[in-house]
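All letters in the sequence shown, in the order written, are residues 11 to 526 by UniProt numbering.
Don't be surprised by glycine CBs; every beta carbon is placed ideally from N, CA and C.
Beneath this line is the structure, given in structure tokens, with notes to follow.
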Amino acid sequence: AVLVVDFGAQYAQLIARRVREARVYSEIVPSTMPVAEMLAKNPKAIILSGGPSSVYAEGAPTVDRALFEAGVPVFGMCYGFQLMATTLGGTVDNTGSREYGRTVLHVSKTGSTLFEGTPAEQQVWMSHGDACSAAPEGFTVTGSTDVVPVAAFENDEKKLYGVQHHPEVLHSTHGQQVLEHFLYRGAGIEPTWTTGNVIEEQVAAIREQVGGSRAICGLSGGVDSAVAAALVQKAIGSQLTCVYVDHGLMRKGETEQVEKDFVAATGVQLKVVDAQERFLAALAGVSDPEQKRKIIGREFIRVFEQAQAEIIAEAGPGEPVEFLVQGTLYPDVVESGGGSGTANIKSHHNVGGLPEDLEFSLVEPLRQLFKDEVRMVGQELGLPEEIVQRQPFPGPGLGIRIVGDITRERLDLLREADAIAREELTAAGLDRDIWQCPVVLLADVRSVGVQGDGRTYGHPIVLRPVSSEDAMTADWTRMPYDVLAKISTRITNEVSDVNRVVLDVTSKPPGTIEWE
Ligand code: XMP
11 AVLVVDFGAQ YAQLIARRVR EARVYSEIVP STMPVAEMLA KNPKAIILSG
61 GPSSVYAEGA PTVDRALFEA GVPVFGMCYG FQLMATTLGG TVDNTGSREY
111 GRTVLHVSKT GSTLFEGTPA EQQVWMSHGD ACSAAPEGFT VTGSTDVVPV
161 AAFENDEKKL YGVQHHPEVL HSTHGQQVLE HFLYRGAGIE PTWTTGNVIE
211 EQVAAIREQV GGSRAICGLS GGVDSAVAAA LVQKAIGSQL TCVYVDHGLM
261 RKGETEQVEK DFVAATGVQL KVVDAQERFL AALAGVSDPE QKRKIIGREF
311 IRVFEQAQAE IIAEAGPGEP VEFLVQGTLY PDVVESGGGS GTANIKSHHN
361 VGGLPEDLEF SLVEPLRQLF KDEVRMVGQE LGLPEEIVQR QPFPGPGLGI
411 RIVGDITRER LDLLREADAI AREELTAAGL DRDIWQCPVV LLADVRSVGV
461 QGDGRTYGHP IVLRPVSSED AMTADWTRMP YDVLAKISTR ITNEVSDVNR
511 VVLDVTSKPP GTIEWE
């Protein structure tokens with residue numbers, strides 16, 4: 011693998027994805043990992059990410075010089091570049107002036123591994139305070155900007171490379187090419203990583219892990235659990251039983267879709283458990299988002315344990331059901347603090363919210379993958395388009411889209427509003443433009459309205475259409491006004507107790523996509 015050393019910003023994930031887009035497998039490691047441990051992973055190359063610190067800030071993350079002396083090719087970006095410069099004896103000045111945003115990079119292509127075949131002047135994305143003024147000995151300066159004399163350097167002999175800018179962001183117009191030059195030419199890596207490999211590897215790993223035992227998989231109707239189930243089904247066939255928990259927090263028609271489409275596509279054994287009462291009871295009176303998430307996560311596992319008992323009872327004695335398949339993705343792992351030292355932003359119900367007395371061993375075949383990669387795997391496995399291209403829907407479902415405590419009435423109301431929004435978005439052909447559009451009920455808020463000739467005092471519904479590449483960052487979607495108008499009119503007309511529809515115009519960050 012190529013290791014991406016995470017210096018604490020959100021860039022590391024993006025870099026890891028770009029490396030994989032170059033068909034090279036990558037993994038993120040925290041910058042606190044000792045160099046010996048990184049090297050023990052036998053990395054084909056190491057990339058040092060950007061980060062929020064100045065190399066001169068107190069407690070700023072550093073890197074052991076040994077990293078550059080192990081003969082492993084290294085590419086430093088932004089903070090990683092400056093760290094490389096200072097560690098190897100170059101000069102980084104604490105200039106106090108910041109360079110932020112689109113910048114023109116002047117590159118010298120003679121003798122450059124990184125910039126060959128790219129324009130002499132190219133747009134790059136910068137975000138830094140300190141600036142490198144002298145490259146370490148043995149390095150050739152191959153890039154500069156009007157502000158920074160040394161904005162890129164290379165040492166082909168030692169296979170060490172660095173750029174001040176962020177090649178991983180799309181605003182750096184030749185960023186992907188520069189990254190690929192590092193990987194293919196600098197580090198001599200062959201682009202062989204494909205979703206086909208992932209399937210083969212995972213099928214083998216699942217067989218090895220599960221052996222003759224049996225597994226159950228929770229299906230949510232979403233892409234992740236569907237692909238995870240299909241992968242496991244491919245590996246162990248009838249040793250797998252899928253369980254669909256109808257927790258009552260699903261959207262309209264969702265249960266039917268799982269029962270019909272997914273089973274038709276995979277032929278998997280499916281058990282549907284009606285746990286609506288149980289979830290409602292466990293959630294009664296709870297309005298704190300983290301508490302809701304923890305309760306839903308816990309109840310999920312409890313229901314699986316019950317399903318396990320039933321499956322065993324139905325099948326009679328034989329191989330035990332020891333494994334639980336989950337569609338955990340790489341961003342879930344990283345965001346829950348499991349992938350690096352990054353902060354715990356939300357406990358995703360399938361990672362951080364797991365109870366400690368878990369009775370299953372987990373099978374998580376998508377743990378290393380990003381969403382778009384999961385879709386490719388799903389496609390390759392022959393799942394239908396409607397499932398593979400489905401927009402994301404959170405595991406805790408509508409439970410985290412009701413601001414306030416959860417009741418059956420509120421769920422029914424939100425389900426109606428959500429169904430209208432989805433119907434109109436699909437009718438307007440916007441499904442592919444919009445990453446997802448949470449519909450949120452502000453159950454604790456009321457506002458005055460007028461309808462017919464009477465005063466109303468109802469709840470607002472929030473529309474949260476977002477555009478995103480990976481849900482790590484997102485922007486609110488500039489949707490046509492007439493579609494918004496239609497949704498608003500229909501919701502206020504058709505959903506009782508809702509007299510106002512509002513649009514969320516917050517990007518992520520600072521807002522998360524979901525409200526809770
Ligand atoms: P946030 O709200 O963190 O959401 O910006 C990012 C993406 O993750 C989805 N999401 C979840 N998915 N279990 C899931 O499977 C969860 O607990 C969960 N919480 C949020 C959200 O819909 C968005 O796509």
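Check                                                                                                                                                                              : Outcome
Counting beta carbon pairs with one atom in the segment 236 to 255 and one in the segment 309 to 321, are three or more of them shorter than 8 Å?                                  : yes
Which residue or residues does DSSP assign as beta-bridge partners of G228?                                                                                                        : V253
Using DSSP with H/G/I as helix, E/B as strand and the rest coil, what is K54?                                                                                                      : coil
To the nearest angstrom, how far is the alpha carbon of Y491 from that of A429?                                                                                                    : 19 Å
Beta carbon of T152, beta carbon of F125: below 8 Å?                                                                                                                               : yes
Might you give, ordered along the chain, the residues of its own chain that have their beta carbon closer than 7 Å to the beta carbon of M482, omitting 5 neighbours on each side? : Q20, Q23, P341
Relative to the alpha-carbon of residue 529, which residue among E200, L372, L170 has its alpha-carbon at the smallest distance?                                                   : Only positions 11 to 526 of the chain appear in the structure, and residue 529 is not among them; the question remains open.
Given this structure, state the Cα-to-Cα distance separating T96 from Y66, to the nearest angstrom.                                                                                : 10 Å
Looking at the ligand XMP, does it come within less than 7 Å of G405, judged from the CB to the closest heavy atom?                                                                : yes
Measuring from the CB of T417, is there a heavy atom of the ligand XMP at a distance below 7 Å?                                                                                    : no
Counting only the same chain and skipping the five closest in sequence on each side, list residues whose C-beta sits under 6 Å from that of E309.                                  : F289, A292
Taking only the alpha-carbon atoms, compute the straight-line gap between P40 and Q461 and give it to the nearest angstrom.                                                        : 56 Å
Can you find the residues in the same chain that come closer than 7 Å, C-beta to C-beta, to G206, ignoring five residues on each side of it along the sequence?                    : E390
To the nearest angstrom, how far is it from the Cα of T265 to the Cα of V242?                                                                                                      : 21 Å
Considering only heavy atoms of the ligand XMP, does any lie closer than 7 Å to the CB of E524?                                                                                    : yes
Taking A285 as the reference, give the member of W203, S297, I306, V273 with the closest Cα.                                                                                       : I306
Can you give the Cα-Cα distance for Y110 and H138, rounded to whole angstroms?                                                                                                     : 6 Å
Hey, could you find the ends of the beta strand (DSSP E) E332 is sitting in?                                                                                                       : 331 to 335
How do the segment 141 to 150 and the segment 80 to 87 stand: do at least 3 beta-carbon pairs fall below 8 Å, yes or no?                                                           : no
Does DSSP classify I497 as helix, strand or coil?                                                                                                                                  : helix
With distances taken Cα to Cα, identify the nearest neighbour of K381 among I56, V237, E395, V508.                                                                                 : V237
Can you tell me the Cα-Cα spacing of G99 and E200, whole angstroms?                                                                                                                : 32 Å
Can you round the beta-carbon distance between P397 and V233 to whole angstroms, since I take them to be within the 8 Å contact cut?                                               : The residue you asked about is not Pro; residue 397 is Ile in the sequence shown. Rounded, the Cβ-Cβ distance is 7 Å, consistent with contact.
Tell me whether P341 sits in a helix, a strand or coil according to DSSP, three-state version.                                                                                     : helix
Select from S517, V173, F78 the residue whose C-alpha is nearest the C-alpha of S122.                                                                                              : V173
What three-state label does DSSP hand F310 in the structure shown?                                                                                                                 : helix
So the candidates are G61, T128, F272, L452; which of them puts its Cα closest to the Cα of I25?                                                                                   : G61
Tell me whether M94 sits in a helix, a strand or coil according to DSSP, three-state version.                                                                                      : helix
When the Cα of L115 is compared with those of V45, V188, V102, which residue comes out closest?                                                                                    : V188
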